[in-house]
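As they're listed, the protein sequences go chains A and B.
Start counting the first sequence at 1; every next residue gets the next number (the working numbering).
Start counting the second sequence at 1001; every next residue gets the next number (the working numbering).
Only one structure is covered here, and it is reproduced in the block below.
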Amino acid sequence: MLNKRLFILLLLLLPMIAKAELTVEVVGGAAQQIPIAIVPFATQASSAPAQQDSLSNVIGADLRLSGLFRVLETRGVANQPHTLSEVKYSDWTSIQTQALTIGAVDSLPGNRLKVSFRLVDVLKQNQLLAMEFNITPAQERATAHRIADMIYEKLTGEKGVFATRITYVNKENGRYSLQVADADGFNPQTVVSSKEPLISPSWSPDGTKLAYVSFEKKKPVIFVQSLLSGQRIVLANFKGNNSAPAWSPDGTKLAIVLTYSANSQIYVINADGNGLKQISFSNGIDTEPEWSPDGAFIYFTSNRGGGPQIYRMPSNGGDAKRVTFEGSYNVSPHLSTDGKLLTFIKQGPAGFKVAVQDLATGQVQVVSDTTQDESPSFAPNGRMILYATSIGGKGTLAAVSVDGRVKQRLKDTGGDVREPSWGSSLN
Amino acid sequence: MRKSLLISVLLAAALAACSNNAVKNKPAAPVIDSSSSSQAKPSTTAKDDGASTAVANQNGAEGNPLKDPNNILSKRSVYFDFDKDEVKAEYRPLVEAHAKYLVANPNAKVIFQGNADNRGSREYNLSLGQRRSVAVKKAANVLGAQDKQIETVSYGEEKAKDCKDETCYQQDRRVDIVYENE
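As structure tokens, this is what we get:
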């Protein structure tokens, strides 16, 4: 009897265990936040699946997480509009919002949904955006992210990143699993899992493949795996270590690191595993290659001058120029998509922290408030930096805005999370 | 030089043979130490058995010098400073002892496993662990150990403990010396 109950309880728990998700919380925010009200979308009760996250909740959570918005409570407003003609502007100026989002979800034949939304400027009393989506019920969350992106872009002038994905490695119960999840931590999917370490996942530019390093052959070997078919190839399994894969911006090549000559050096290899060519030749460690967005240069970490610093060389080889000069330990270079900012990990008196360097001026700013930071990568819009850190002895993901003002923690209910990388948009 | 080395090994063997261990260790088959069996290579080369009977007998008779807690060969870790790959003077005798063992036992094979503490970059630490294992290999090469006897591998910071202080970090910055079949 008891066993049976326990069994049922376990069955009930299973979906929760399988869906150990990252939850995001914001620490701090921008100096000036845009006030926005989001009226719950009108839905036909019968069509709405029993889910706790309605469209308006997801949109609100996205905007709040960006740190740039103050999402106002709307329940106190008696008249809840769903169409433009229903909007009574005085209701909304009285709660001091600048922007208002309204919308509706309607059933369409063939188990499809019509999502319509409008963004309204409350002060100017005009419509800023209006859009309709014809979707399947499974696309509801993704659609909410897309709407949040549109609102974000309209009101801040920058592209949103809510409809993007992240990848990271979760270590739990002695197993490593490479995960891909939505940028808000939902929908985690396991790409590959192993009892040996997995590190250094790298997104192909089109977001359909991941290159990563697996120790499953008792030494580091680079794989490339399709996220669509799940099929994978061994990209590099040469003598010694094979690691640090980084896709070229056109997706045809990867920069990788081999210890073929005993010392870590950078090579370029075609995406099918052919055409290996060594491009760095030093007596020190050369590792962590990262392409400039135009494909002309490779930034990398090298200790050729003593301690590790970031250098840059032409992507077909040639002389390297040192890029970082402050401090004795600067590693893990990643560039913003416009190629103007460099983020990296800098060791200082307070530990290992995320730093941002303006490549034009050389000015460096330490932006994180954590002390054991690793693996920084830019969001596609270049505003936030996702990185791994350790809080209370547990690997955690965090994100920080390039100006250091907005800070997020992505908490996993389960394991030790590390090696994040922010990918391109969904689909 | 080599001759005197061999003699000292034989002497050690003879001394050890006087102990009670001789009886206990009678089966001279390679002993798989469970504590490090995960590192053992799956391909145990059969050809070694015939060629190295002399060595195997010595070891079997005396108790394995590699396992004898009074023998420096039982010490298996070389420790490093932060972000450094130089073998420090205090670990030279240890590396020398293993190099001499490899010279005296030309069929013995060893893996130098490089590690780093868990601070900084995983990829940089993977490279650093490799440099450390190569540094120990070079030191052993100078003393006559052959390339074919030594394999180097790096785990970077992947085997590092969850450390919070320097005493703990320094335990992770090391090269482990693991013999084949151990």
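Even for Gly, the Cβ is constructed at its ideal location relative to N, Cα and C.
Keep in mind that this is a model prediction, so the values were computed, not measured.
Close CB contacts of Tyr260(A) within its chain, under the 6 Å cut and outside five residues either way in sequence, are with Phe238, Lys239, Gly240 (chain order). For a Cβ distance threshold of 9 Å, residue set Gly240, Asn241, Thr259, Ala262, Asn263, Ser264, Ile285 of chain A lies close to Gln1130(B), ordered along the chain. Near chain A, meaning a CB-to-CB distance below 7 Å, the residues of the stretch 1075 to 1107 of chain B are Asp1083.
Burial of Gly1114(B) is indicated by the presence of at least 16 other C-beta atoms within 10 angstroms of its C-beta. Here the C-alpha atom of Gln408(A) lies approximately 24 Å from the C-alpha atom of Gln363(A). Listed along chain B, the residues sitting closer than 9 Å to Thr301(A) by beta-carbon distance are Ser1121, Glu1123, Tyr1124, Ser1127. Here Leu119(A) is near Thr101(A), since their CB atoms are less than 8 Å apart. Distance from Phe352(A) to Trp422(A) at the Cβ level is roughly 19 Å; contact not present, criterion being Cβ atoms closer than 8 Å. A contact is defined here as three or more CB-CB pairs under 8 Å, and the stretch 26 to 35 of chain A fails this definition with respect to the stretch 133 to 149 of chain A. When C-beta distances to chain A are compared with 7 Å, the residues of the stretch 1152 to 1170 of chain B below that value are Val1153, Ser1154, Glu1158, Asp1162, in chain order. Taken in chain order, the complete beta strand (DSSP E) segments of 3 or more residues contained in the stretch 191 to 249 of chain A are 198 to 203, 209 to 214, 221 to 226, 232 to 236, 242 to 247. The stretch 369 to 388 of chain A and the stretch 1135 to 1152 of chain B do not touch, with fewer than three beta-carbon pairs separated by less than 8 Å.
Rounded to whole angstroms, the separation of the alpha carbons of Pro1106(B) and Asp416(A) is 44 Å.
Per DSSP, reduced to three states, the secondary structure at Ser177(A) is strand.
Residue pairing by DSSP places Pro333(A) opposite no residue, since no beta bridge is assigned to it. Using a Cβ-Cβ cut-off of 8 Å, Val1175(B) does not count as an interface residue toward chain A, since no Cβ of chain A sits closer than that to its own. Beta-bridge analysis with DSSP links Gln365(A) to Val356(A). Pro35(A) and Met150(A) have their C-alpha atoms some 16 Å from each other. Looking at the DSSP output, Trp291(A) bridges to Ile298(A). Lys219(A) reaches chain B at Val1153, counting residues in chain order whose Cβ is nearer than 8 Å. Contact residues of the stretch 1134 to 1147 of chain B toward chain A are Val1134 (C-beta to C-beta distance below 8 Å). At a cut-off of 8 Å between beta-carbon atoms, Ile222(A) makes no contact with chain B. Pairwise C-beta distances place the stretch 286 to 296 of chain A out of contact with the stretch 1150 to 1163 of chain B, as fewer than three of them are shorter than 8 Å. By the Cβ neighbour-count rule, Asp1117(B) is buried, with 16 or more other Cβ atoms within 10 Å of its own. Between the alpha carbons of Thr43(A) and Ser243(A) lies a gap of roughly 50 Å.
Taking C-beta atoms as the reference points, Ala355(A) and Phe344(A) count as a pair closer than 8 Å. Look at Val331(A): its C-beta is under 8 Å from a C-beta on chain B. For Ala398(A), no alpha helix (DSSP H) run applies; the uninterrupted beta strand (DSSP E) run containing it begins and ends at 394 to 401, by DSSP.
Annotation for Ser1077(B): Arg1174, Val1175, Asp1176, Ile1177 place their beta carbon closer than 8 Å to its own, counting only its chain and skipping 5 residues before and after. Neighbours of Pro201(A) in chain B, taken as residues at a C-beta separation under 9 Å, are lacking, since the least C-beta distance is about 11 Å. Taking a C-beta distance under 8 Å as the contact criterion, Gly295(A) and Asp250(A) qualify as a contact pair.
Think of a sphere of 8 Å around the beta carbon of Ile345(A): the chain B residues whose beta carbon falls inside it are Gly1120, Ser1121, in chain order.
According to the DSSP assignment, Val1178(B) belongs to no alpha helix (DSSP H) but to the beta strand (DSSP E) extending over 1174 to 1179.
Annotated as distal: Pro220(A) and Leu235(A), with beta-carbon spacing of 8 Å or more. Secondary structure at Pro35(A): strand, using DSSP grouped into helix, strand and coil. For Thr389(A), the three-state secondary structure derived from DSSP is strand.
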